[in-house]
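This report refers to the structure that appears directly beneath it.
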Amino acid sequence: MTQYDKRLVSKKELKTVCGIPYTPQHIGRLEAAGRFPKRVQLGPNRVAWLLFEVDAWLNKRIANRDASI
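The C-terminal position of the sequence shown is numbered 429 in the working numbering, with every residue numbered one higher than the one before it.
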């Protein structure tokens, strides 16, 4: 695992860095359905996601879009 693979993004960074427009509640629903990467629990009130997993999730959506054209 490279240093990039270990980079974490917060809920706020999902929007600002990754450009994901979903609410935290919708992210939670997607996670529960197995349709979004699992979060990493950092503390009792703090969670984050591995950037490379979120990036792979985004790339899969882009590939699905391109395949349907």
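Ideal Cβ positions, reconstructed from N, Cα and C, are used throughout, including at glycine. Treat the numbers as computed from the prediction; the structure is a model and nothing was measured.
On a CA-only basis, which of the options is nearest residue i? Give me that one, please.
i	options	result
D365	N424, G388 and W409	W409
F396	Y382, L402, G403 and P404	Y382
L390	S370, W417, N405 and T376	W417
Could you give the distance in angstroms between the alpha-carbon of residue i and the alpha-carbon of residue j?
i	j	result
P430	K420	Past the edges of the chain, shown from 361 to 429, lies residue 430, and the structure says nothing about it.
Q401	G379	22 Å
A423	Q385	25 Å
R399	T376	17 Å
E373	A392	20 Å
Quick one: what's residue i bridged to in DSSP?
i	result
Q401	V407
L368	L410
Under DSSP, the alpha helix (DSSP H) around residue i begins and ends at which residues?
i	result
P384	P384 to A392
K375	K371 to T376
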